[in-house]
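Below is one structure, written out as structure tokens; comments come after it.
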Amino acid sequence: MNKDLKNVMAFIVVLIAISIVIHIFVSEREDYTEELQTDFINKSDVYGDFSNNIEDEFSNINLPHWTHAPITYKIINEKECGTYESRMIQKAFNEIENSTKGIIKFEKIDYSPDIEIRCSFIEDCYEKKIDMGNVGSDSYTKEITEKICGYDAGYAQITEFQNNRILKAEIELIGLAGFAETHNIGPSGFSVGRCGYPDLEIHEILHVFGYEHTEENRSIMSPIVDNSSRIGLATYGAGDCKDAIISIDDWIIKDLIKTYSK
Ligand SMILES: [Zn+2]
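So that you can map any letter, position 148 of the sequence shown is 417 in the working numbering, and since no number is skipped, the others follow by simple counting.
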């Protein structure tokens, strides 16, 4: 009888010892899981959406958007672009910054920019003809005709994106060959046929924010803006440029402010 009792007691002691060991093991595992979870939360604070591993300061926005501010850019061949066009590009960025009250900011950098801008030149697009009439008589007339072919003055492309996040983009701006930048004569090949306002540059930059063409005539996103044949003359009569300036549409400004406000 005593011997049986001893055996039962021994069995109970062993059982208690086993359950203590199991308990320690399980609680350690719980601690470990908790650690993992905190680790995950910390990481997602730093990197935004942890599942995609891309930092997105505007992750609450569903529309296509850049993931951070300021948005960086580089003019890849600034020397070829020349001072006139480089200044126009700068003006376009300033215009977007100012009209969004500084909510959108750009920064010019040298290494790995968000937006790469290139300049190129179209050959044999400009033609100038001088007609001398009535030569030999007391008076004669001289008529100058200028022609610019219809050509696309700019291209823009979002080159890298993930879902609604815009990661990289490229812009190409096309000037006329045979002017200041290519032949060291005359005005800038980017100014000919245009009215001195960076509407083309703004238009291309807005393309890389995800804005598409609109049918509206007086919109900065009208397709005629990147087709420079809209005026097509190097020299203008008085008032030719009066109505040429198309500023950024109000709805686009409002949309940009809404998207990039924090
Ligand atoms: Zn366009």
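Each residue gets a CB set at the ideal place from its N, CA and C atoms; glycine is no exception.
Fair warning: this is a prediction, and the values are worked out from it, not measured in the lab.
Taken from the Cβ of residue 495, at least one heavy atom of ligand 1 lies inside 6 angstroms. In the three-state DSSP reduction, residue 528 falls in the helix class (H, G or I). In the displayed model, residue 464 falls within coil according to three-state DSSP, outside both helix and strand. In the DSSP annotation of this structure, the continuous segment of the beta strand (DSSP E) that includes residue 387 starts and ends at 384 to 391.
Classified as exposed, residue 530 has fewer than 16 neighbouring CB atoms from the shown chains inside 10 Å of its CB. Here the region 384 to 403 lies against the region 435 to 443, with 3 or more beta-carbon pairs under 8 angstroms apart. Contact check for residue 494 against residue 519 fails: the beta carbons are separated by 7 angstroms or more. The beta carbon of residue 488 sits closer than 6 angstroms to those of 518, all from its chain and outside the five residues before and after it, given in chain order. Rounded to whole angstroms, residue 496 and residue 395 show a C-alpha spacing of 15 angstroms.
Here residue 470 carries a helix assignment [DSSP, helix/strand/coil]. Inclusion of residue 470 and residue 358 in the CB contact set at 7 angstroms is warranted, their separation being smaller than that value. Exposed is the label assigned to residue 381, since fewer than 16 other Cβ atoms lie within 10 Å of its Cβ. Residue 332 carries a coil assignment under DSSP once its states are collapsed to helix, strand and coil. With respect to the 7 angstroms criterion, residue 399 and residue 413 are classified as neighbours on the basis of their beta carbons. The shortest C-alpha to C-alpha distance from residue 528 to any of 330, 322, 326 is the one to 330. In the structure shown, residue 425 falls within a strand segment according to DSSP collapsed to helix, strand and coil. With a threshold of 16 other beta carbon atoms within 10 Å, residue 444 meets it and is buried. Here residue 433 carries a coil assignment [DSSP, helix/strand/coil]. Residue environment: residue 516 is assigned as exposed (fewer than 16 neighbouring CB atoms within 10 Å of its CB, all protein chains considered). Counted as a single uninterrupted DSSP element, the stretch harbouring residue 511 is not any beta strand (DSSP E), since DSSP gives it neither H nor E.
By the neighbour-count definition (other C-beta atoms within 10 Å, threshold 16), residue 525 is a buried residue. Taking residue 347 as the centre and dropping the five residues before and after it, the same chain places the C-beta of 355 closer than 6 angstroms to its C-beta, in chain order.
Residue 400 carries a strand assignment under DSSP once its states are collapsed to helix, strand and coil. Cβ neighbours of residue 473 within its own chain (closer than 6 angstroms, five residues either side excluded): 423, 425, 440.
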